[in-house]
Structures are given as C-alpha cells and as structure tokens.
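This report refers to the structure that appears directly beneath it.
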Amino acid sequence: MVQCRQNYVPGTNVTIDEQLLAFREWCKFRMYIPNKPAMYGVKLEMMCDRGTRYMLDCMPYLGQGTNTVGLPLGEYFGKKLTRSIHGTNRNFNMNNWFNSVPIAKQLLRQPYKLTILGTLQSNEREIPNELKNHRINNGTRRVNTCIMDPLHFFRTNLNLRKWFTCFLLVMRRPQSIQKQKSHAKPRQKVRRRDVSSQDTQWVRMRTGNTIRYSAKRRHWRRTKLKL
Numbered sequence: 001m002v003q004c005r006q007n008y009v010p011g012t013n014v015t016i017d018e019q020l021l022a023f024r025e026w027c028k029f030r031m032y033i034p035n036k037p038a039m040y041g042v043k044l045e046m047m048c049d050r051g052t053r054y055m056l057d058c059m060p061y062l063g064q065g066t067n068t069v070g071l072p073l074g075e076y077f078g079k080k081l082t083r084s085i086h087g088t089n090r091n092f093n094m095n096n097w098f099n100s101v102p103i104a105k106q107l108l109r110q111p112y113k114l115t116i117l118g119t120l121q122s123n124e125r126e127i128p129n130e131l132k133n134h135r136i137n138n139g140t141r142r143v144n145t146c147i148m149d150p151l152h153f154f155r156t157n158l159n160l161r162k163w164f165t166c167f168l169l170v171m172r173r174p175q176s177i178q179k180q181k182s183h184a185k186p187r188q189k190v191r192r193r194d195v196s197s198q199d200t201q202w203v204r205m206r207t208g209n210t211i212r213y214s215a216k217r218r219h220w221r222r223t224k225l226k227l
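Counting from 1, one number per residue, gives the positions in the sequence shown under UniProt numbering.
Here it is in structure tokens:
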C-alpha cells in the first residue's frame with residue numbers, strides 16, 4: 001500500500017467504501033455478510049480514485065481487534081484512509097456508514113481541509129424534522145425517472161437535500177463559494193425560513209423549480225412548481 005500511495009497522484013475526487021474479499025479459510029477476522037456475492041471473506045476499507053478506480057489506500061477490518069483510539073469506526077477509517085490527501089482541498093465521496101454532520105464540519109478545518117459528498121443516516125439528530133417528514137408529491141414514483149426535490153437546508157458550508165428516503169450532505173469550501181458568487185448568474189427568488197434541530201441551526205430554502213431526469217430520453221428537464 002505504501003507503493004500505491006507514493007506512485008500515484010489522485011484526482012480531485014476520491015471515494016471511500018468497503019469490499020468483501022472472498023476468503024473461506026480459517027481467519028480470526030473473517031466475516032459473514034449475506035448481502036455480498038461472496039458472503040464469506042475479509043472486509044477491506046478502501047479509498048479509490050473516482051475517475052480511474054485506482055486503489056489509493058486500503059485497511060482490513062479486524063473486528064473487535066480494531067483499535068480505533070476512542071473514535072467511532074466510520075470516523076476512524078475515514079480519517080485514516082484519507083491521511084495521504086490531508087491538506088489538499090480534495091473532495092471525497094462516502095456512504096452513511098462513514099459520514100455524519102460533525103465529521104463533515106471537522107474535516108473542513110485544519111489539518112484535514114477536505115470536502116465531502118455523501119449520504120446520511122435518517123436517524124441523525126442534526127437533520128431537521130421538517131426534512132425528515134417531507135414527502136415528494138410531484139408525480140408518481142417511477143423506476144426510470146428520478147426527482148430532485150427543490151426543498152433543501154443549508155448552514156454555512158453544509159447543504160442537506162432529500163431524494164425520496166435518502167438524505168444527501170454536500171459540502172464545499174468558502175473560497176469556492178465566494179468565487180462562484182462573483183461570476184454566477186442572478187439566482188431565482190427563494191423562500192427562506194430558519195429551522196432548528198436539536199443542536200444545529202439550518203436555513204430552509206425552496207426554489208420554484210424541480211429537476212427531473214428521464215432514463216428513456218436521457219436528458220434533464222426543469223419544471224415549475226406552485227409554492
């Protein structure tokens with residue numbers, strides 16, 4: 001793994017995820033995961049380049065033998081796997097097992113200086129109840145059509161969105177936000193309202209547009225909504 005880190009320069013986007021390496025011999029940290037194709041094997045936590053799928057770093061999950069130095073498993077592996085790109089302002093994608101709002105705010109600061117795009121668990125206390133209880137009523141649910149609802153919440157550099165039952169957390173650096181504001185086109189009028197969760201203050205925004213993607217026609221279509 002040292003050679004993988006030293007002989008390759010990753011792009012601006014990396015991905016962290018797990019993989020079950022098929023293995024049926026005796027091993028102290030062999031795992032059984034029924035929803036995986038191999039079912040039995042060694043669980044590996046990996047960081048790969050999103051563009052080339054090149055593996056940048058990898059760590060085995062040792063079960064109870066994993067020393068997380070007092071950190072949750074997701075936070076420990078997320079910080080440990082990204083140690084080679086700390087301070088580089090890169091963006092990495094991860095699922096809800098690694099991600100949370102406190103981790104996202106912590107990784108934005110020194111010495112990490114990383115941004116995150118990932119899903120969140122629905123029981124996160126930082127997610128406002130209004131977003132948890134929100135339902136998309138525009139049209140019917142179809143397999144070949146995805147709807148990005150215009151309702152979202154933001155706080156400083158964090159942006160929360162919901163797609164059906166999936167919660168998405170988007171984060172970007174303040175420098176990129178300021179640069180984008182100076183060259184951006186005038187935005188549409190939005191409705192704002194402060195929404196408080198248990199320990200986080202969010203601002204509720206709802207634009208007049210919804211974005212649809214049709215798998216048959218392969219194009220995005222923007223439609224108006226009555227607010």
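Glycine included, C-beta positions come from ideal geometry on N, C-alpha and C.
Within the same chain, Lys28 and Phe29 come within 8 Å of glycine 65 by CB-CB distance, once the 5 residues on both sides are set aside. Between arginine 109 and glycine 51, the alpha-carbon positions lie close to 25 Å from each other. Pairing leucine 120 with phenylalanine 167 gives a Cβ-Cβ distance under 8 Å. Within the region 42–112, the complete beta strand (DSSP E) segments at least 3 residues long are 55–60 and 91–94, listed from N- to C-terminus. Residue pairing from DSSP leaves lysine 28 without any beta-bridge partner. The beta carbons of histidine 86 and proline 60 sit no closer together than 8 Å. Its Cα nearest to that of leucine 169, the residue Phe98 stands out among Tyr76, Leu73 and Phe98. Lysine 36: not part of any beta strand (DSSP E); DSSP gives it neither H nor E.
Contact annotation: methionine 47 and leucine 81 have beta-carbon atoms nearer than 8 Å.
Contact between arginine 83 and leucine 114 is ruled out by a C-beta separation of about 11 Å, above the 8 Å threshold.
With contacts defined by Cβ atoms closer than 8 Å, arginine 5 and leucine 62 do not form a contacting pair. Inter-residue distance for methionine 31 and arginine 53 is about 25 Å (C-alpha atoms, whole angstroms).
Taking all protein chains in view, the Cβ of glutamate 124 is crowded by 16 or more other Cβ atoms within 10 Å, so the residue is classified as buried.
When beta bridges are read from the DSSP output, glutamine 19 appears opposite Leu44. In the DSSP assignment, leucine 131 falls within the unbroken alpha helix (DSSP H) covering 129–132. In the same chain as tyrosine 8, and ignoring 5 residues on each side of it, the C-beta atoms closer than 7 Å to its own belong to Tyr54 and Leu56, in chain order.
Burial state of threonine 15 is buried, judged by a 10 Å Cβ sphere holding 16 or more other Cβ atoms. Listed in chain order, the non-local C-beta contacts of aspartate 49 below 7 Å within the same chain comprise Pro10, Gly11, Val14 and Leu56, local neighbours out to five positions each way being set aside. Residue environment: methionine 1 is assigned as exposed (fewer than 16 neighbouring CB atoms within 10 Å of its CB, all protein chains considered). Put simply, of Ala38, Pro34 and Asp17 the residue whose alpha carbon is nearest the alpha carbon of glutamate 25 is Ala38. A direct Cα-Cα distance of roughly 9 Å separates leucine 71 from phenylalanine 77.
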